[in-house]
Amino acid sequence: MQALVESDIRESFGNASDAELAQLSLPHDFVLTEWAHLDAFAWRDPRIATRGYLVTELDGAARGIVLRVAVANGSHHRAAICNLCHTQQPADQVVMFSARRAGAPGERGDSVGTYMCSDLACQETVRLGRPAAPSEVLPSVQELERIEGLARRTRAFVADVLSTA
Numbered sequence: 088m089q090a091l092v093e094s095d096i097r098e099s100f101g102n103a104s105d106a107e108l109a110q111l112s113l114p115h116d117f118v119l120t121e122w123a124h125l126d127a128f129a130w131r132d133p134r135i136a137t138r139g140y141l142v143t144e145l146d147g148a149a150r151g152i153v154l155r156v157a158v159a160n161g162s163h164h165r166a167a168i169c170n171l172c173h174t175q176q177p178a179d180q181v182v183m184f185s186a187r188r189a190g191a192p193g194e195r196g197d198s199v200g201t202y203m204c205s206d207l208a209c210q211e212t213v214r215l216g217r218p219a220a221p222s223e224v225l226p227s228v229q230e231l232e233r234i235e236g237l238a239r240r241t242r243a244f245v246a247d248v249l250s251t252a
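Counting with the working numbering, you get residues 88 to 252 for the letters of the sequence shown.
Spelled out as structure tokens, the structure:
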């Protein structure tokens with residue numbers, strides 16, 4: 088992913104209101120982001136617990152969406168799978184995020200939702216593989232497939248939210 092500065096991120100959101108953009112808080116470690124190792128940049132708002140953000144590249148440009156966490160009903164003790172990184176986790180670590188559609192559909196109240204890792208750390212999760220042996224310099228085929236799958240599903244989700252058709 089191309090390196091982004093705060094103004095790039097703020098300008099990338101296609102489904103955000105002016106009020107949401109004014110309230111947006113970047114993660115505290117934003118300046119330490121290693122952009123070359125990311126296909127998307129996602130975080131939970133440090134000041135607004137029910138809000139998250141997801142930015143990826145579509146057609147060479149940064150495009151982002153504002154996410155809202157669905158309110159959980161009851162406690163679950165089963166496992167759940169994130170629809171982006173396809174990682175199985177305890178159910179309390181996977182939550183439903185929804186995003187208001189861009190344009191007129193969003194103004195009518197249309198939204199899209201999917202289950203994601205509650206900390207939005209999918210980029211790190213798929214890259215947490217076993218330590219490489221001294222002879223292994225490149226990630227395994229399986230690791231590359233997980234990374235590409237996450238990138239593909241993330242781009243598709245963001246494109247779906249931003250589609251006004």
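Idealized CB from N, CA, C, for every residue including glycine.
Quiz item: If you follow the beta strand (DSSP E) that CYS204 is part of, which residue opens it and which one closes it?
Solution: Counting along the chain, the beta strand (DSSP E) containing CYS204 begins and ends at 198-204.
Quiz item: DSSP three-state call for THR143: helix, strand or coil?
Solution: Here THR143 sits in strand by DSSP.
Quiz prompt | Pick from ASP126, ARG195 and ARG97 that is closest to ALA243, judged by C-alpha positions | solution = Among ASP126, ARG195 and ARG97, the Cα nearest to that of ALA243 belongs to ASP126.
Quiz item: Measuring CB to CB, does ALA129 end up less than 7 Å from LEU207?
Solution: Yes, the pair counts as a contact, with Cβ atoms nearer than the cut-off.
Quiz item: Looking only at its own chain, which residues have a Cβ that is under 8 Å from the Cβ of GLN176, when we skip the five neighbours before and after it?
Solution: Within the same chain, GLN176 has close Cβ partners ALA166, ALA167, ILE168, CYS169 and CYS204.
Self-check item: First and last residue of the uninterrupted beta strand (DSSP E) at ILE168
Solution: Residue range 166-168 is occupied by the beta strand (DSSP E) that includes ILE168.
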